[in-house]
């Protein structure tokens, strides 16, 4: 099971991406609410979560959006 803190970060990042009208990233396009809900509680055999996959893109967007 994925920690609630990880799920909270995923959902917060998702909301920020979706709210940004000037963001045209592929992550925003393909990380739909359905995909988020289907994957946010899953881990790979090595223990990686969806946050491990998308975190750098979300952080990059937040840095760029604030400049």
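In my numbering, the protein residues as written are 506 to 572. Ideal placement from N, C-alpha and C gives every residue a C-beta, glycine not left out.
>> Residues in the same chain with beta-carbon distance under 8 Å from residue 513, minus the five sequence neighbours each way, listed in chain order, please.
In response: none
> Does the distance from the C-beta atom of residue 556 to that of residue 511 stay below 8 Å?
Replying inline: yes
> So, helix, strand or coil for residue 514, using DSSP?
Replying inline: Three-state result, residue 514: helix.
>> Please state the DSSP three-state secondary structure of residue 561.
In response: helix
> Three-state secondary structure (DSSP) at residue 538?
Replying inline: helix
> Should residue 536 go down as buried or exposed, given a rule of 16 or more other Cβ atoms within 10 Å for buried?
Replying inline: buried
> If we count the other Cβ atoms within 10 Å of its Cβ and call it buried at 16 or more, is residue 515 buried or exposed?
Replying inline: buried
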